[in-house]
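Heads up: take any position in the sequence shown, counting from 1, add 675, and you land on our numbering.
No residue lacks a Cβ here, since even glycine has one placed at the ideal position from N, Cα and C.
What follows is one structure encoded as structure tokens, with my remarks underneath.
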Amino acid sequence: MTSIVLSDKILLSKTARCTAVFVEQDVLETQAIKEITNLFPALPDLMAERTFTGKALSTLLVSISDNNKVKHFLLVGLGKKNDSGHIDIETYRRALGKVIRTAEAHKFASVAVQLPHAGLIDGSTKYVAEQTVIALRMALYHFTKYITEKDRKFSVDDIVLLVHNHNESDIKAGIKDGNIIAEGVMLARHCVDFPPTELTPVELAGVAKKVAKDHGLDYKVFAEKELIQMGMGGITGVSRGSDSDCQLVILQYNCGKKDAPTLAFVGKGITFDSGGLSLKPAQYMETMKEDMSGAAAVIGAMQAIAQLKPDVNVIGITPLGENLRSGKATKPGDILTFYNGKTAEVKNTDAEGRLVLADALSYAVKQYKPDAMVDLATLTGACAYALGPFFSGLMSNSENVVENIERAAKLSGDAVWRLPFTDDYKAAIKSPMADIQNIGSKRYMAGAITAGHFLGNFVGDVPWAHLDIAGTAYNVPDLPYYRPETATGVGVRLLVELAKNWKQ
Ligand code: BES
Ligand code: ZN
Ligand code: ZN
676 MTSIVLSDKI LLSKTARCTA VFVEQDVLET QAIKEITNLF PALPDLMAER TFTGKALSTL
736 LVSISDNNKV KHFLLVGLGK KNDSGHIDIE TYRRALGKVI RTAEAHKFAS VAVQLPHAGL
796 IDGSTKYVAE QTVIALRMAL YHFTKYITEK DRKFSVDDIV LLVHNHNESD IKAGIKDGNI
856 IAEGVMLARH CVDFPPTELT PVELAGVAKK VAKDHGLDYK VFAEKELIQM GMGGITGVSR
916 GSDSDCQLVI LQYNCGKKDA PTLAFVGKGI TFDSGGLSLK PAQYMETMKE DMSGAAAVIG
976 AMQAIAQLKP DVNVIGITPL GENLRSGKAT KPGDILTFYN GKTAEVKNTD AEGRLVLADA
1036 LSYAVKQYKP DAMVDLATLT GACAYALGPF FSGLMSNSEN VVENIERAAK LSGDAVWRLP
1096 FTDDYKAAIK SPMADIQNIG SKRYMAGAIT AGHFLGNFVG DVPWAHLDIA GTAYNVPDLP
1156 YYRPETATGV GVRLLVELAK NWKQ
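Here it is, written out as structure tokens:
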């Protein structure tokens, strides 16, 4: 793993091949730029020639000769301050991503990054340090297990954070938490990126078990046979067409404080979604290993929560299964009975996420009576079409849960956008044959919202929010701290922040 260490040197870190300096737009007379100009007097000319003014995410690479060795400086623009007089934290995250992307393009094995001065970015020193480490580590993520060409496996080995004039103990605390959160995000991304035949439901349950063992969480798993006996017709109905056993995994973090609220996080874990008998066209099936991203987010977040030890109890629940076809597979027209006794007609076997979540949510409500519940699911293409890759869809029955989530989204960087969730849409999933049906009738459109209402049948009166991450879990373009064609780990940062700062 890339090391991230501190140094209180001002600019010239001894070892780094490249030193990155952030530049606020049109603020070019800074100490850092002066120091680089001392070594490279043509810098002002070069900046003028390249019209480098510090525009957000613009870069300028300066190479100098220092004792017969080439040394590089990378100026990265942060853009202008926002209305509150700060550089937007998300712009800063992307700028950090740019540093890593540039270092990789030029094969700089070591990089020094000068932390922006305190107060430039909205937030405490600890928070900025934490976010710095998370963004750097996210940008460093690779999935190279199956790449054999050495040349394509380049990674930055060392990062030095130049923290002159900052409170070092705050910085250290931020780095510590940042590393823990980033590792949770990486675990989730790694699980999603794994080929689906290697990461079956049983394998993924094994990952959760290891997390529990390594970090002191309670772990419980129910296998297919038990789930059938328990009356979980959703999970077992979806998994009937698969040769792999389905699993319901429960991870539990107990903060040990009396009267602490209990949060339940539930994540869809379809390790591969072929659509079942309502088969997906090849093009839509291509990335369906990503359909366990909700479960991966919950497992990654639980790993971080176990180490950060916030003052809330947290239950992580992941229904895991495969949606495949065989002579045993559930058919359109079949009716399933869920853990809470409700029934649904399966009109389309590709709308399977809501079926597995129905059991998991019912189980969470009945067994744990949580004070609030959040589910994450790559649930609908409709949500991905509506919001694209930059916002997860948020639907909720509780203003308090929405407030908590919107605050956590802003702080963590996992952006959400609230969708209307009025009762008007409920009529779309009425069934003539059963209590509800698993797709909305065409007249109502709004497939993300009708899917959310399906889930609403299984939450009782628990304050709850549903996050549709179909558009945000995989292959997000343009954000430099992500890598296209790989998983994003969306939801881990958000869930951790929710647990850290929950307000009942
Ligand atoms: N896993 C898919 C949704 C999805 C789409 C996730 C794109 C990630 C990217 C889900 O199970 C699904 O197939 N949903 C159907 C529902 C429809 C049949 C009502 C969809 O969105 O087409
Ligand atoms: Zn599906
Ligand atoms: Zn699915």
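| Check | Outcome |
| --- | --- |
| Nearest-angstrom Cα separation, counted from Glu-1020 out to Tyr-1100 | 18 Å |
| Heavy atom of ligand 1 within 7 Å of Asn-1023 beta-carbon | yes |
| DSSP-derived helix/strand/coil call for Pro-1071 | Note that residue 1071 is Ser in the sequence shown here, rather than Pro. Reduced to three states, the DSSP call for Ser-1071 is strand. |
| Rounded distance between the beta-carbons of Ala-981 and Leu-892, thought under 8 Å | 5 Å |
| Own chain residues within Cβ distance below 6 Å of Ala-1026, not counting five before or after | Asn-1113 and Ile-1114 |
| Heavy atom of ligand 3 within 7 Å of Asp-948 beta-carbon | yes |
| Start-to-end residues for the alpha helix (DSSP H) that takes in Phe-1188 | Lying before the first or after the last residue shown, residue 1188 is absent from the chain, which here runs from 676 to 1179. |
| Cβ-based neighbour list, Leu-952, same chain, cut-off 8 Å, excluding 5 preceding and 5 following | Gly-916, Arg-1000, Ala-1004, Thr-1005, Lys-1006, Pro-1007 and Thr-1024 |
| Chain-order list of residues whose beta-carbon lies under 8 Å from that of Arg-827 (same chain, five-residue window excluded) | Thr-819 |
| Straight-line Cα distance separating Ser-738 from Leu-750 | 11 Å |
| Cβ neighbour criterion (16 or more within 10 Å) applied to Ile-822 | exposed |
| Met-907, buried or exposed, once every other Cβ within 10 Å from all chains shown has been counted against 16 | buried |
| Rounded C-alpha distance that separates Ala-1145 from Val-973 | 15 Å |
| Under the three-state DSSP convention, the category Ala-1033 falls into | helix |
| Nearest-angstrom beta carbon gap, Ile-945 and Asp-966 [assumed within contact, 8 Å] | 4 Å |
| Beta-carbon contacts of Met-623 that lie in its chain and below 6 Å, excluding the five residues immediately before and after | It is not possible to answer for residue 623, since the shown part of the chain is limited to 676 through 1179. |
| Neighbourhood of Ile-850 by C-beta, 6 Å cutoff - its chain only, sequence neighbours within 5 removed | Ala-804 and Val-808 |
| Given Glu-704 as reference, the closest of Val-886, Gly-729, Leu-902 and Ser-682 once Cα atoms are compared | Gly-729 |
| Bounding residues of the beta strand (DSSP E) (the contiguous stretch that carries Gln-922) | 922-928 |
| Asn-842, DSSP secondary structure in three states | coil |
| Helix, strand or coil at Asn-1150 according to DSSP, with G and I counted as helix | coil |
| heavy atom of ligand 2 below 7 Å from Glu-1027 C-beta | yes |
| Selection from Leu-1170, Lys-1041 and Leu-862 that minimises the alpha carbon distance to Asp-1050 | Leu-1170 |
| Distance between beta carbons of Pro-1138 and Asn-1075, contact taken as under 8 Å | 6 Å |
| Leu-658 Cβ short of 7 Å to ligand 1 heavy atom set | One cannot answer for residue 658 here, as it falls past the ends of the chain, which runs 676 to 1179. |
| Inter-residue spacing [alpha-carbon to alpha-carbon] between Trp-1092 and Arg-1082 | 12 Å |
| Neighbourhood of Gly-794 by C-beta distance below 7 Å, restricted to the same chain and skipping five residues each side | none |
| Near ligand 2: Asn-1113 beta-carbon under 7 Å from a heavy atom | no |
| beta-carbon Ser-757 near ligand 2 non-hydrogen atom, thresh 7 Å | The residue you asked about is not Ser; residue 757 is Asn in the sequence shown. Checking the Cβ of Asn-757 against ligand 2 gives no. |
| Inter-residue spacing [alpha-carbon to alpha-carbon] between Gly-1016 and Ala-1084 | 34 Å |
| Reference Thr-1097, options Leu-902, Asn-1072, Ser-1087 and Met-1108, closest by Cα | Asn-1072 |
| Whole-number beta carbon distance between Gly-1068 and Ala-1123, since they are thought to touch under 8 Å | 5 Å |
| Close beta carbons around Ala-1181, own chain, < 7 Å, minus the five adjacent residues each side | Nothing about residue 1181 can be read from this structure; the chain reaches only from 676 to 1179. |
| Any alpha helix (DSSP H) of 4 or more consecutive residues that is wholly inside the segment 701-728 | 706-714 and 718-724 |
| Cutoff 8 Å; reference Gly-1056; Cβ partners in own chain excluding five residues on either side | Tyr-959, Gly-1122 and Ala-1145 |
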